[in-house]
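>
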Amino acid sequence: MNVFRLTGDLSHLAAIIILLLKIWKSRSCAGISGKSQILFAIVFTTRYLDLLTSFISLYNTSMKLIYVGCAYATVYLIYVKFRATYDGNHDSFRVEFLIVPVGGLAVLINHSFAPLEILWTFSIYLESVAILPQLFMISKTGEAETITTHYLFCLGLYRALYLFNWVWRFYFEGFFDMIAIVAGLVQTVLYCDFFYLYVTKVLKGKKLSLPA
Amino acid sequence: HALEIHHDEL
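Residue numbers (the numbering used here), protein chains in the order written: chain C, 1046 to 1257; chain B, 824 to 833.
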C-alpha cells in the first residue's frame, strides 16, 4: 500500500458516494447513464469473485464489499426507485459493442486460462471502457450537471492515481501487471478530454456544456 | 499446478 494507491481508492470511493448521494438527494437520475452503472456493477461482480476464494486484508475485503454494494444500489436507484427520471432516450450507447470485444479479448489475452482469472481480466478490460456510455450521453445532450462532473473527475482521478501507484510499485517492489497497466492507461486517456473541460470550465464556476 | 495469481488491488 502506498499513498497513490490509498488516495486512488479513496477517490474511487468518493466518486461512488457522490453519485449515490446526488441521485438520492435530488430524487432523480437525470443525466446519468444507467448503462455505465450496469457495466460498473458487472465489473465489480466479476472482479471480486475472489472474495469467496482468498482473503487479502480487512481493508481489501471491506472496500470490495462497499464497491459492489454501492454499484448495485446505484443501479437499483436508476432502474427501480427513480426509474421515472431516467433519461433512457439519451442513454443510447450500444453496450454489446463493448461487452463482446472485451469478452473476446479477455479469453485471448490473460495471465492464466482459468475461469476466475478470465473473469478478472474481463473486469479490468471492461472497466477501462465502462464510462463510455456516460461520456456518450453527455456528448449527446451537450451538457452535464456540475455534481455529475465532480463524479467523473473523481472517477478519472482514481485511475490516474493508480498509474502513479504502478510506477511506485515497479520501482520499489519490482511489481508490474501488464494487463492492469495497459487497461489503466486506456481508461485514463478516455478521461483526458473531460479533464480539460473540467479544469477550464467547471473549476471556474461554469457549467459544463459543449458547443453545439 | 497452475500458478496462483494474487490481485491485491481494487
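For every residue, glycine included, the Cβ atom is placed at its ideal position computed from N, Cα and C.
Ignore the nearest five residues each way along the sequence and tell me which others in Phe1215(C)'s own chain have a CB closer than 7 Å to its CB.
The count along the first sequence starts at 1 and reaches residue 1215(C) at position 170. Only Phe1221 meet the Cβ criterion.
> If we count the other Cβ atoms within 10 Å of its Cβ and call it buried at 16 or more, is Cys1237(C) buried or exposed?
As a first step, residue 1237(C) is located in the first sequence; it is residue number 192 there, counting from the start. By the 10 Å Cβ count, Cys1237(C) comes out exposed.
> Could you work out which residues of chain B lie near Lys1109(C), taking near to mean beta carbons separated by less than 7 Å?
On the first sequence, residue 1109(C) is found 64 positions in, with the first residue counted as 1. Residues of chain B passing the Cβ test: Leu833.
> Excluding five sequence neighbours on each side, which residues of the same chain lie with their C-beta closer than 6 Å to the C-beta of Arg1312(C)?
Coverage of chain C is limited to positions 1046 through 1257, which leaves residue 1312(C) absent and any answer about it impossible.
> So what's Glu1188(C) in DSSP terms, helix, strand or just coil?
Position 143 of the first sequence, counted from the first residue, corresponds to residue 1188(C). Glu1188(C) falls in the strand class under three-state DSSP.
> Is there a Cβ of chain B sitting closer than 9 Å to that of Trp1165(C), yes or no?
Numbered from 1 along the first sequence, position 120 holds the residue referred to as residue 1165(C). Interface residue, yes.
> Quick one: Cα of Met1046(C) to Cα of Ala1189(C), how far?
In the first sequence, counting from the first residue as 1, residue 1046(C) sits at position 1. In the first sequence, counting from the first residue as 1, residue 1189(C) sits at position 144. Distance between the alpha carbons of Met1046(C) and Ala1189(C) is about 34 Å.
> Looking at the secondary structure, which residues open and close the alpha helix (DSSP H) in which Asp1054(C) lies?
Your numbering for residue 1054(C) matches position 9 in the first sequence. Asp1054(C) -> alpha helix (DSSP H) spans 1048 to 1071.
> Do Glu1172(C) and Val1088(C) have their C-beta atoms within less than 9 Å of each other?
Within the first sequence, numbered from 1, the residue matching residue 1172(C) stands at position 127. Within the first sequence, numbered from 1, the residue matching residue 1088(C) stands at position 43. Cβ atoms of Glu1172(C) and Val1088(C): closer than 9 Å.
> Say whether chain B places a C-beta atom closer than 9 Å to the C-beta of Asn1105(C).
By one-based count along the first sequence, residue 1105(C) stands at place 60. Yes, Asn1105(C) counts as interfacial toward chain B.
> With 8 Å as the limit, tell me which residues of the region 1112 to 1124 of chain C have their beta carbon closer than that to any beta carbon of chain B; keep them in chain order.
The residues in question are Tyr1112.
> Could you name the residues of the same chain whose beta carbon sits closer than 7 Å to that of Trp1213(C), not counting the 5 residues immediately before and after it, in chain order?
As a position in the first sequence, residue 1213(C) is number 168, starting the count at 1. Correct list, in chain order: Asn1047, Phe1049.
> At 7 Å on the CB atoms, spell out the chain B contacts of Ile1101(C), in chain order.
Locating residue 1101(C) in the first sequence gives position 56, where the first residue counts as 1. Near Ile1101(C) (Cβ distances below 7 Å), the residues of chain B are Asp831.
> Can you name the residues of chain B whose CB is closer than 9 Å to the CB of Gly1054(C)?
For the purposes of this step, residue 1054(C) is identified with residue 9 of the first sequence, where counting begins at 1. What sits at residue 1054(C) in the sequence shown is Asp, not Gly. Under the 9 Å cutoff, chain B gives Glu832, Leu833.
> Indicate whether at least one CB of chain B lies closer than 9 Å to the CB of Arg1092(C).
Position 47 of the first sequence, counting from 1, holds the residue named residue 1092(C). Yes, Arg1092(C) counts as interfacial toward chain B.
> Could you check whether the Cβ of Tyr1236(C) sits closer than 9 Å to any Cβ belonging to chain B?
Locating residue 1236(C) in the first sequence gives position 191, counting from the first residue. So, not an interface residue.
> Throw me the rounded Cβ distance for the Ala1267(C) and Leu1084(C) pair, which I believe falls under 8 Å.
Lying before the first or after the last residue shown, residue 1267(C) is absent from chain C, which here runs from 1046 to 1257.
> Does the CB of Ala1225(C) have a neighbour CB from chain B at under 9 Å?
Start at 1 with the first residue of the first sequence, and residue 1225(C) comes out as number 180. Yes, because at least one Cβ of chain B sits closer than 9 Å to the Cβ of Ala1225(C).
> Take Leu1153(C) as the anchor and find which of Tyr1170(C), Phe1138(C), Glu1141(C) has the nearest alpha-carbon.
Position 108 of the first sequence, counting from 1, holds the residue named residue 1153(C). Checking every option, the nearest Cα to that of Leu1153(C) belongs to Tyr1170(C).
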